[in-house]
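Read through the structure below, which is laid out as structure tokens, and then see the notes.
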Amino acid sequence: MKPEKLPHVVIVGAGFGGLETAQKLAHAQVQITLIDRHNYHLFQPLLYQIAIAGLVPSQIAYPLRTIFRHQKNLTFQMGEVTSIDFNGRYIRTNGSVIAYDYLVLAIGGQTNFFGVTGAEENGFQLKSIESATGTRNHLLRMLEQASREVDVEKRKALLTFVVVGAGPTGVETAGALAELITHVMTKDYPAMDLKDVRVILLEATGNVMATYPAELRQATMKLLENKNVEILLNTRLTDYNGQTITLADGGHIATYTLIWTAGVRSAELTDRLGVQQAASKRVRVGPTLQLPQRPEVFVIGDAAYLEDGHGQPLPMLATVAQQEAKFAAQNIQKILKSEAPEPFQYKDPGLLATIGRNAAVARIWGLSFSGFIAWVIWVALHIYRLIGFRNRLVVLINWAWDYVFYDNQVRLITRE
Ligand SMILES: Cc1cc2nc3c(=O)[nH]c(=O)nc-3n(C[C@H](O)[C@H](O)[C@H](O)COP(=O)(O)OP(=O)(O)OC[C@H]3O[C@@H](n4cnc5c(N)ncnc54)[C@H](O)[C@@H]3O)c2cc1C
29 MKPEKLPHVV IVGAGFGGLE TAQKLAHAQV QITLIDRHNY HLFQPLLYQI AIAGLVPSQI
89 AYPLRTIFRH QKNLTFQMGE VTSIDFNGRY IRTNGSVIAY DYLVLAIGGQ TNFFGVTGAE
149 ENGFQLKSIE SATGTRNHLL RMLEQASREV DVEKRKALLT FVVVGAGPTG VETAGALAEL
209 ITHVMTKDYP AMDLKDVRVI LLEATGNVMA TYPAELRQAT MKLLENKNVE ILLNTRLTDY
269 NGQTITLADG GHIATYTLIW TAGVRSAELT DRLGVQQAAS KRVRVGPTLQ LPQRPEVFVI
329 GDAAYLEDGH GQPLPMLATV AQQEAKFAAQ NIQKILKSEA PEPFQYKDPG LLATIGRNAA
389 VARIWGLSFS GFIAWVIWVA LHIYRLIGFR NRLVVLINWA WDYVFYDNQV RLITRE
């Protein structure tokens, strides 16, 4: 059969879900077009490392054309998908119209600010290379400004860093930021008084890491407190004007830095598809990950809403996206063989989050543990999951260097 006669699978999004789908279809009798607005795959779980000056973007992102250099049945196209015509079975990008036989939407999510006034405009987020680099520049600039500030109250505000949302990303960011200042920046700014520095983790609910078991939540609190992170639970913010946070109870926190890690919703394109959306605006899919009434369309990953056996939505995690991707690829191949697609079932591989040097919490094979062993597992797993041998080696050397010498290498302010 000539390649042009093969069924055309269009995959939108080359994050965890899209990448895995494309790779799982490498030997299938299909022609694949993979589309992403970026020309790289981004390992989002390490974005906070960019923000705290630990890694450079090229160490956690990898060019898509290099990844798929040897996959003969795949063409990559960089572009922004702007609309989809489900009846006509084609998508529109900002430069082309592409027809499909099967469509896999793996467009991920974006930060959800829950309508808090000023949070998006004046705060920082960790969702892209640009936002993480912007956060790094800002953090370093605050330290520079504080070093020459004579007004005591202003200096304290410059040295107050607020992370909003005590999920894994917020916890990782707050822990790493506290360490950056305590272990590294005090060497660059010997006159800095650590008593003026505050790293605050602000959480609207009564728990850190709400989805983790109680023993790991307690371990996380302890590990964060050891690093002098102030944890404010049951604390909701209502407004941030770039200088002052206003809390729901009327209190205020003077700060020039708010890093928002409190929520994610599906990517904006899902709002324009005319499909049924559920919590966090995710697209409701059937158990086989197909769109109702559109068996040729699969939605996976953060953009998809599917409940587990207990009626809980599957979490917005890379592991979910990757497992769904395998299923979507399998189901497309089943349909091509005129077999019935199978329902997806998520196999929870466990929980893992780091709180900094020698400190992590984990739940693996039903066992909860925290501290050094969990941290070693976290380091090994994240290095293993990075794409490209060079990235793995460079990140390993980087982290080993930082570990031994207390030195985050990327302390560069690169833009105004
Ligand atoms: C800071 C941070 C830390 C995280 N830590 C962890 C962790 O430790 N463990 C874990 O399991 N998960 C973690 N996650 C969550 C994990 O990254 C996501 O669940 C995962 O990326 C979802 O995969 P996905 O394929 O659905 O979407 P993504 O990986 O987000 O990929 C979506 C892709 O679609 C592209 N795209 C979107 N819209 C369009 C469009 N209109 N046109 C073209 N392209 C488009 C985007 O450019 C992107 O490349 C973290 C996320 C963040 C932000």
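To convert a position in the sequence shown, counted from 1, into this note's numbering, add 28. We put the CB at the ideal spot given by N, CA and C, even for glycine. Fair warning: this is a prediction, and the values are worked out from it, not measured in the lab.
Check                                                                                                                                    : Outcome
Residues bridged to threonine 121 (per DSSP)                                                                                             : Val109
N- and C-terminal bounds of the alpha helix (DSSP H) containing tyrosine 268                                                             : Per DSSP, tyrosine 268 belongs to no alpha helix (DSSP H); it is in the beta strand (DSSP E), 265-268.
Per-residue DSSP class, three states only, for histidine 55                                                                              : coil
The stretch 208-222 in contact with the stretch 232-250 per 3-pair CB rule at 8 Å                                                        : no
Top-ranked residue by Cα proximity to lysine 309, from Gly279, Met344, Val178                                                            : Met344
For histidine 66, the three-state DSSP class (helix, strand or coil)                                                                     : coil
Local Cβ density within 10 Å of lysine 375, reported as buried at 16 or more and exposed below that                                      : exposed
Heavy atom of ligand 1 within 6 Å of proline 91 beta-carbon                                                                              : no
Buried or exposed (CB count within 10 angstroms, at least 16 for buried), methionine 338                                                 : The amino acid occupying residue 338 in the given sequence is histidine; methionine does not appear at that position. Histidine 338 is exposed by the Cβ-count criterion.
Alpha-carbon spacing of glycine 384 relative to leucine 205, whole angstroms                                                             : 9 Å
Sequence-distant residues of its chain with Cβ nearer than 6 Å to serine 175 (five each side left out)                                   : Tyr217
Contacts around threonine 442, its chain only, beta-carbon distance under 8 Å, and the 5 residues preceding and following it disregarded : Thr161, Asn165
First and last residue of the uninterrupted beta strand (DSSP E) at leucine 380                                                          : 379-384
Beta-bridge pairing of phenylalanine 397 - partner residues as DSSP gives them                                                           : Ala390
Serine 86 in three-state terms, based on DSSP                                                                                            : helix
Ligand 1 heavy atom lying under 6 Å from the CB of arginine 65                                                                           : yes
Asparagine 436 to glutamate 207 span [Cα, whole Å]                                                                                       : 10 Å
Local Cβ density within 10 Å of histidine 98, reported as buried at 16 or more and exposed below that                                    : exposed
Cβ pair count under 8 Å reaching 3, the stretch 46-55 against the stretch 139-149                                                        : no
Cβ pair valine 313, alanine 332 closer than 7 Å                                                                                          : yes
Length at least 4, wholly inside the stretch 126-195: the alpha helix (DSSP H) runs in chain order                                       : 147-150, 157-176, 180-186
Nearest-angstrom Cα separation, counted from glycine 45 out to glutamine 351                                                             : 8 Å
Euclidean distance between Cα positions of leucine 252 and isoleucine 259                                                                : 8 Å
Contact under 7 Å by Cβ, valine 191 with leucine 229                                                                                     : yes
Test item: CB-CB of phenylalanine 104 and arginine 117 under 7 Å                                                                         : no
Rounded separation between lysine 30 and glutamine 59 - CA only                                                                          : Residue confidence is low: lysine 30 scores 49 on pLDDT, short of 50, so the model does not pin down where it sits. No coordinate-derived value is stated.
Identity of the residue in Ala388, Asn269, Ile392 nearest glycine 399 by Cα                                                              : Ala388
Own chain residues within Cβ distance below 6 Å of isoleucine 146, not counting five before or after                                     : Looking at the sequence provided, one finds glycine at residue 146 rather than isoleucine. These residues qualify, in order along the chain: Asp267, Tyr268, Asn269.
Ligand 1 heavy atom lying under 6 Å from the CB of glutamate 148                                                                         : no
Glutamate 108 beta carbon near ligand 1 (any heavy atom closer than 6 Å)                                                                 : yes
Delimiting residues of the alpha helix (DSSP H) encompassing alanine 79                                                                  : 75-79
Proximity to isoleucine 360 [Cα-Cα], best of Ala390, Gln318, Leu334                                                                      : Gln318
Ligand 1 heavy atom lying under 6 Å from the CB of glutamine 437                                                                         : no
Helix, strand or coil at serine 308 [DSSP, three-state]                                                                                  : helix
Boundaries (first-last residue) of the alpha helix (DSSP H) holding isoleucine 363                                                       : 346-364
Tryptophan 393 burial status per 10 Å Cβ neighbour count (16 or more: buried)                                                            : exposed
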